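So the number in the working numbering is just where the residue sits in the sequence shown, counting from 1, plus 48.
By construction, the Cβ of each residue, glycine as well, lies at the ideal position given by its N, Cα and C atoms.
Predicted model only: the values in this text are computed from it and were never measured.
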Amino acid sequence: MPTDPDVVVELASRPERDRGVVDPKLVRWIAFIVITISLTACTVLCILAIWRFTESDAVWRAIATFIVVSIATAIFTVVNEKLG
């Protein structure tokens, strides 16, 4: 009984492809940019409110908008990768 096989079979593996309707790397990059811009705008508005250059009502609206935009971007990213 030989210990070394005469024939070695290697299974060809498919190259891993990112799944997504839209390219997931592009979606993640755009999501990062959108969230970064939103966060920067909120930070600037908060600083302006601290120095009383704007109303505090604008700050709360900006923070609420930031939260909505961030959640929507995250949901889109997840759905894109799951449906792809």
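Bounding residues of the alpha helix (DSSP H) (the contiguous stretch that carries residue i)
i	result
Arg-76	72 to 98
Leu-131	104 to 131
Integer Cβ distance of residue i from residue j, believed to fall under 8 Å
i	j	result
Leu-87	Val-107	About 13 Å separates the two Cβ atoms, so there is no contact after all.
Asp-119	Cys-90	The identity of residue 119 in the sequence shown is Ile, whereas the question assumes Asp. Actually they do not touch by this definition, with Cβ atoms about 14 Å apart.
CB of residue i within 8 Å of CB of residue j, strictly
i	j	result
Gly-132	Val-82	no
Straight-line Cα distance separating residue j from residue i
i	j	result
Trp-77	Asp-54	49 Å
Phe-124	Asp-105	29 Å
Leu-96	Phe-114	17 Å
Asp-71	Trp-99	42 Å
Glu-129	Phe-101	42 Å
Val-127	Lys-73	14 Å
Ala-122	Glu-103	29 Å
Arg-109	Val-75	26 Å
Among the options, the one whose alpha carbon lies nearest that of residue i
i	options	result
Val-117	Leu-96, Leu-59, Lys-73 and Thr-84	Thr-84
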